[in-house]
Every structure is written in structure tokens, then in C-alpha cells.
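Have a look at the structure below, then the notes.
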Amino acid sequence: MKQFHLYDILCSTAKKSIEFQKEDGCFPEGHNGPWHDFDTHVRTTAHWALTVFKAYEITDEKIFLDATLKACDYLIKKEQRPSGYTFYCRTNQTGKNMCNGLIGQAWAIEPLIFIGESLNVPEYLNVAQKTALLHEYDYRSHLWRNKEISGKTMHINPALNQQVWFAALLMITGRILNDKTLQDCARDFFTNFPARVSFVEEGLVRHRIENKSTSLQIIKSKMRLIYQYGKATDADKIKLLSQGYLSFLLYGLALAYHYSSGEDFWDDIKMKTIISCSVDYIVGRFPFGCGEKTGYRWCYNPTGIEISYVLQVFQKYLKREPGEHTISAWLNKQFEYYYDFDKKMMCKNTEDPVILSSRIYEAARLNNYSLSIFDHG
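Mapping of the sequence shown onto numbering that gives the first Met the number 0: position 210 corresponds to residue 209, and the numbering continues sequentially without gaps.
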């Protein structure tokens, strides 16, 4: 068993990642894990920007600041928004949109918001704000529509986790820039969030929003799942997808709460019950599928990191006992099974090592927890 501190792992990973950063500032692209998309460099560059920036905050070493600025400067180049609208996140070789829904845009603006504010770089904040405002919010359904890179307004996005993450980042952007439009949309979304939630079983939030206007997209999504998982029943596929994204959904809610805990919608008993039951669903099933090498949890969405952040942020809100030991246990599993200490990357036991490695950035919001890790090779 080896002893580590989380920030030591983050810094060593950040230093290693710089070896792969290209001269123009971008990082190698992945293929969106189990979805097997043809990604551009936008997503991974955005993720790594936040990791190397965290290393800069920890160490004050110029090498990390330089890498941060190169990555963010890459993101704001015109080539990443070729038509002047949304970020170009994936090619259309699979027939999907090129904006990668709402989540592609959320991931792209995420470093621009936080790094732009911290380093006082107006250009980063302006691009984030402009991109956010391009998206049409439907006050009837209380949901956002996708905006294609061409500027075309598309259908309402049916993925609940994408709506949550987009709302969280718009809430934060609106607060930083005092943008009432962004804040009002985000408030309306979170106020009506409980009504958009349905459950596969107690505590397991359904991945997709059951909404008439999204029925065609739901059918298309089911067809993709049939292609991926063959003869498994629809119920099995829905459960698999919902379990795989539950910690990611909760992370988005935790991110929103961290920056807007004074908002009235957090006092809604329905909101609190949804979060509490969902947290219990995961924690009560520890280690919740750890060791899986395919699918959506752990090897794509870094479940151990995500539930750790959720427990850290929501401890008082949910009136849970101090959970440092529990958080360390979840982190131990993530790094035992998925982090390669020789390569200094979270690239083991996954079909997309490039993407999983980049998603270590989600740990940058955690405290510096102590870890005790068995090396499973």
C-alpha cells in the first residue's frame, strides 16, 4: 500500500500532460469514451487547462501558468468557433451534431470562466459569455436548446445531466459578469428542476428527460444504445446509462450549489430529497461498479472523483456526518484501478485513456485528501 496526497498526484499529472501539449496550445483528442465520437481538440484542451491551472495555484510554478494560458488562448481562437457561433467539438462523421449538445459547450467555456476570472483575462470571459448567450432557453419546458456550430437553433436537449451542467456554468458566468439574462435562465431551470426528474428506481435518476418535444431524439438515442448493447432490454439499457451518469449529474448540481447556495430553489424539499436519495443510491452501493473497463461509470465518468466532490460540497446541505474517510475511500478506488503511476495518467482499464486522463481535472475542486492505494497493476 502506498500513501499519497491528492494534490501531489494532480501536480505530477499536470507536469506530465505538458509533454503532450502542442505548440498551438491544444492537447491530444479522444473519442468521447463509449460513444466513440470523432472529437476535436476542444474538450481535452479545456479539461487540461483546468488541471494545469490547479497545479499553478498549488505550486506557483511558471511552467503551469504558461501551459494554462496557451490552452485558453487556443480555445478562444476563431478556428474553434469556425462560423463565429458555438465551439466545434466533434466532427459529423457519426451523424451527430458538431456542438456536442450542451455539454460540449459547457466543457469549452468552463476553463474560460474560472481561469478568466482568476487571472483577470476579459477575453476569456467574453467568449464564455457570448457562447452561453447564443443558446435559446425555452421557458415553457424550462430547458435549453442545442445550438449548432453553424448558428442553427436545434431541438431541446433531452439529457438531464447536460442541462444541469449547462445551467450550473451559466449561473456562475452570470454571477461573475453580473449578467441578468444568464442568471434568470439558470434560476428558472433549477426552480423547475424537480419537475423534470423521473426515476428508474428509488434514488436512480433517469438519464433522459421524458418530454414530448424530445421524443425523436429519445428514439435516436435508444437506437444507438441498441447498436452498442445488442439484445439487452430497454430497461437494462436505461438503467445502465442512468447509473453511469448519476455521479456526473450530481457533480453538476454540487458545482451549482457551491456557487449559488443562497438561492431559494435549494430550500425546496423536493430538490433536497432528489439529491439525498441519489447520493444514498451510490454510497449505499459502494464501490458501485468499480473495476469496470467499459461503459459509462469509473472508466469514462470518473465516479470516484465525482461522488467525492458531491460529498464534500453537500455535507452540510444534506446534514451528513463529516465524510473525509468516506471520500478517501472513493478516491482510493478511482486511483487504484484507473491511474497508472508509471505513466502519471488516469489511463488504465478504459477504452478511451485520453479522455479519462483528461478528466482528472474534476478532482481539482477537491480538498487535498490523503490516499492509501493498492497498486493493482
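Yeah, the Cβ is synthetic: ideal placement off N, Cα and C, and Gly gets one too.
What is the DSSP secondary structure of residue i, counted as helix, strand or coil?
{"i": "residue 271", "result": "helix"}
{"i": "residue 160", "result": "helix"}
{"i": "residue 46", "result": "helix"}
{"i": "residue 188", "result": "helix"}
{"i": "residue 356", "result": "helix"}
{"i": "residue 199", "result": "strand"}
{"i": "residue 300", "result": "strand"}
{"i": "residue 170", "result": "helix"}
{"i": "residue 27", "result": "coil"}
{"i": "residue 10", "result": "helix"}
{"i": "residue 257", "result": "helix"}
{"i": "residue 80", "result": "coil"}
{"i": "residue 364", "result": "helix"}
{"i": "residue 15", "result": "helix"}
{"i": "residue 104", "result": "helix"}
{"i": "residue 128", "result": "helix"}
{"i": "residue 333", "result": "helix"}
{"i": "residue 287", "result": "coil"}
{"i": "residue 241", "result": "helix"}
{"i": "residue 225", "result": "The predicted model places residue 225 with a pLDDT of 43, which falls under 50 and marks its position as unreliable, so this point remains unresolved."}
{"i": "residue 22", "result": "coil"}
{"i": "residue 149", "result": "coil"}
{"i": "residue 182", "result": "helix"}
Bridge partners of residue i, per DSSP?
{"i": "residue 136", "result": "143"}
{"i": "residue 370", "result": "3"}
{"i": "residue 397", "result": "Nothing about residue 397 can be reported from this structure: the residues present for the chain run from 0 to 376 only."}
{"i": "residue 339", "result": "344"}
{"i": "residue 155", "result": "144"}
{"i": "residue 207", "result": "158"}
{"i": "residue 38", "result": "89"}
Considering Cα atoms alone, identify which of the options is closest to residue i.
{"i": "residue 181", "options": "133, 149, 292", "result": "133"}
{"i": "residue 27", "options": "291, 72, 7, 356", "result": "356"}
{"i": "residue 206", "options": "244, 1, 171, 256", "result": "244"}
{"i": "residue 118", "options": "52, 156, 177", "result": "52"}
{"i": "residue 154", "options": "362, 95, 298, 310", "result": "95"}
{"i": "residue 200", "options": "344, 242, 367, 172", "result": "242"}
{"i": "residue 156", "options": "149, 150, 165", "result": "165"}
{"i": "residue 71", "options": "255, 123, 59", "result": "123"}
{"i": "residue 82", "options": "93, 285, 68, 97", "result": "97"}
{"i": "residue 174", "options": "246, 113, 323, 14", "result": "113"}
{"i": "residue 349", "options": "11, 10, 34", "result": "34"}
{"i": "residue 13", "options": "65, 40, 31, 1", "result": "65"}
{"i": "residue 257", "options": "283, 135, 234, 170", "result": "170"}
{"i": "residue 69", "options": "298, 193, 115", "result": "115"}
{"i": "residue 353", "options": "308, 8, 162, 41", "result": "41"}
{"i": "residue 299", "options": "312, 247, 184, 251", "result": "247"}
{"i": "residue 11", "options": "58, 38, 29", "result": "58"}
{"i": "residue 99", "options": "282, 125, 145", "result": "145"}
{"i": "residue 141", "options": "131, 271, 187", "result": "187"}
{"i": "residue 29", "options": "39, 265, 23, 310", "result": "39"}
{"i": "residue 139", "options": "195, 233, 253", "result": "195"}
{"i": "residue 271", "options": "288, 176, 253", "result": "253"}
{"i": "residue 202", "options": "282, 295, 177", "result": "282"}
{"i": "residue 3", "options": "358, 331, 209, 362", "result": "331"}
{"i": "residue 1", "options": "351, 365, 340, 185", "result": "340"}
{"i": "residue 125", "options": "351, 176, 204, 158", "result": "176"}
Please classify residue i as buried or exposed, where buried requires at least 16 other C-beta atoms within 10 Å of its C-beta.
{"i": "residue 91", "result": "exposed"}
{"i": "residue 367", "result": "exposed"}
{"i": "residue 268", "result": "exposed"}
{"i": "residue 121", "result": "exposed"}
{"i": "residue 335", "result": "buried"}
{"i": "residue 137", "result": "exposed"}
{"i": "residue 189", "result": "buried"}
{"i": "residue 290", "result": "exposed"}
{"i": "residue 305", "result": "buried"}
{"i": "residue 370", "result": "buried"}
{"i": "residue 361", "result": "buried"}
{"i": "residue 150", "result": "exposed"}
{"i": "residue 284", "result": "exposed"}
{"i": "residue 234", "result": "exposed"}
{"i": "residue 197", "result": "exposed"}
{"i": "residue 24", "result": "buried"}
{"i": "residue 179", "result": "exposed"}
{"i": "residue 373", "result": "exposed"}
Taking 7 Å as the CB-CB cut-off, is residue i touching chain D?
{"i": "residue 185", "result": "Absent here is chain D; the protein component of the structure consists of one chain."}
The ligand NAD heavy atoms versus the CB of residue i: any closer than 6 Å?
{"i": "residue 64", "result": "By its list of ligands, the structure shown contains no ligand whatsoever, and the ligand NAD lies outside what it can speak to."}
* Asked: Below 8 Å, can you find three or more Cβ-Cβ pairs linking the stretch 43-59 to the stretch 106-116?
  -> Contact between the stretch 43-59 and the stretch 106-116 is present, because at least three Cβ pairs lie under 8 Å.
* Cβ pair count under 8 Å reaching 3, the stretch 327-346 against the stretch 260-277 -> They do not touch, by the three-pair rule.
* **Any 3 or more C-beta pairs closer than 8 Å across the stretch 334-346 and the stretch 306-325** => No: the two stretches stay apart, fewer than three of their Cβ pairs being nearer than 8 Å.
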